[in-house]
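Working notes, beginning with the structure itself.
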Amino acid sequence: MAVAVTALHEREPGRLWPLLGTALTDLCGGEAVVHKLDHWSENEGTVGVDPDAAATELGRLRDSDLALLRTGYPLAAHYTARPDRTPVTAYRAAGSDWPGSPTARLLGDVLDVDHVLGVPLPGSSAPITGCLVYRSGTDFTDDHLAMAERAQPLLAGVERQRQLLEEWRRSLAPAGAPDERAADCALTPRETTVLLLLADALTADAIGRRLGISARTVHKHVENIYRKLGTRDRVGTVLHAQRLGLLPSPGAQGPCAGPS
11 MAVAVTALHE
21 REPGRLWPLL
31 GTALTDLCGG
41 EAVVHKLDHW
51 SENEGTVGVD
61 PDAAATELGR
71 LRDSDLALLR
81 TGYPLAAHYT
91 ARPDRTPVTA
101 YRAAGSDWPG
111 SPTARLLGDV
121 LDVDHVLGVP
131 LPGSSAPITG
141 CLVYRSGTDF
151 TDDHLAMAER
161 AQPLLAGVER
171 QRQLLEEWRR
181 SLAPAGAPDE
191 RAADCALTPR
201 ETTVLLLLAD
211 ALTADAIGRR
221 LGISARTVHK
231 HVENIYRKLG
241 TRDRVGTVLH
251 AQRLGLLPSP
261 GAQGPCAGPS
């Protein structure tokens, strides 16, 4: 709960996954975590690593070694072959082939770890997105896997939040400083993403499905947005937000105050 609250008040989308990665390693008894959020092949894709020491070590790898890690053996094939997104370890997926595999040997040499736990985002399709958690010694236990499965909805919800914040920032990039304008209006990052979806004319039910929350929670966010912007309905709120520079619009920006 503490991680969820912290994530939903984080204005910098780039900080969300490092925050989750740290929490996930603690929950699952891991020592390091890699997250992948976009198309990830042997030759390209964003690879996020925590802690910093692990990132430094991976940054020293040759291209051929990094390509080996990017293939995601054996978890990529495991999840691609089935719709099930339940967390699983490399040893459980590959059996006795795992310890002697080139990937296992490389991880042992570089990070001094022996085991990998795959935690994909629920509903993700090829390329699979999510996290790989690493640890040394014994394999992850059933309790670790159960905790990882309980964390999956949180990972998915925060990833949706990250995507919307990135989309919102890109849409306002020419005007600059969108975070400052939202803060001036006392809008939380979550309220900002709800405002963005309001501008798409989505219903409360549709917004709830997009964010993974209930329609009732959406209505609460909308009420807060109306109060903070001094508006009374969806259309007036979107138009006023455009004038304030909170949503993309050709109109001028102004101080954060209710409409005249």
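Position in the sequence shown (from 1) plus 10 gives the number in the numbering used here. Cβ atoms here follow ideal geometry from the backbone N, Cα and C, with glycine treated the same way. Values in this document were obtained by computation on a predicted structure and should not be read as measured data.
Environment of residue i [buried if 16+ CB atoms lie within 10 Å]
i      : result
His88  : buried
Arg25  : exposed
Glu22  : exposed
Gly271 : Given that the chain is displayed from residue 11 to residue 270, the structure contains no residue 271 and the question cannot be resolved.
His19  : exposed
Glu233 : exposed
Pro93  : exposed
Gly69  : exposed
Ala33  : buried
Gly31  : buried
Arg145 : buried
Gly218 : buried
Gly110 : exposed
Arg160 : exposed
Arg180 : exposed
Arg72  : exposed
Arg95  : buried
Cβ distance (whole Å) where residue i is taken to contact residue j below 8 Å
i      : j      : result
Leu127 : Thr99  : 5 Å
Leu79  : Thr113 : 7 Å
Gly140 : Asp124 : In fact, because the Cβ distance is near 20 Å, the residues do not count as touching under 8 Å.
Pro132 : Ala166 : 5 Å
Val129 : Pro163 : Wrong, their Cβ atoms sit about 12 Å apart, outside the cutoff.
Trp178 : Leu206 : 5 Å
Ala17  : Val168 : 5 Å
Ala77  : Ile138 : At roughly 17 Å, the Cβ-Cβ gap does not stay under 8 Å, so Ala77 and Ile138 are not in contact.
Arg172 : Leu254 : That pair is no contact at about 23 Å.
Assigned secondary structure, residue i (DSSP; H/G/I helix, E/B strand, else coil)
i      : result
Pro137 : coil
Leu197 : coil
Asp60  : strand
Ala211 : coil
Arg25  : helix
Gly118 : helix
Leu257 : coil
Ala216 : helix
Arg191 : helix
Arg244 : helix
Pro163 : helix
His19  : coil
Val123 : coil
Asp185 : Residue 185 is actually Ala in this sequence, not Asp. Note: Ala185 maps to coil in three-state DSSP.
Leu131 : coil
Nearest-angstrom Cα separation, counted from residue j out to residue i
i      : j      : result
Ser74  : Cys195 : 49 Å
Leu256 : Pro184 : 12 Å
Thr213 : His229 : 10 Å
Val59  : Ala14  : 20 Å
Leu208 : Gly246 : 11 Å
Pro28  : Ala42  : 11 Å
Gly108 : Tyr101 : For the sequence presented, residue 108 should be read as Trp rather than Gly. Each residue's Cα considered, the two are about 6 Å apart.
Gly186 : Ala193 : 14 Å
Asp215 : Lys46  : 29 Å
Arg220 : Arg170 : 8 Å
Gly82  : Arg200 : 33 Å
Leu249 : Thr198 : 19 Å
Asp153 : Ser106 : 22 Å
Thr203 : Pro61  : 29 Å
Ser135 : Arg244 : 34 Å
Ala64  : Val44  : 9 Å
Asp189 : Thr227 : 23 Å
Arg242 : Gln252 : 15 Å
Gly301 : Ala91  : There is simply no residue 301 to check, as the chain begins at 11 and stops at 270 in what is shown.
Ala104 : Ala225 : 42 Å
Cys38  : Val57  : 20 Å
Min CB distance residue i to chain D below 8 Å
i      : result
Gly147 : The question asks about chain D, but that chain is absent: this structure has only one protein chain.
Any non-hydrogen atom of the ligand MN within 7 Å of residue i CB
i      : result
Leu197 : With respect to the ligand MN, the structure shown offers nothing to examine, as it has no ligands at all.
In chain order, which continuous runs of the alpha helix (DSSP H) of length 4 or greater are located wholly inside the segment 70–111? Whole alpha helix (DSSP H) segments, 4+ residues: 73–80, 85–90, 100–104.
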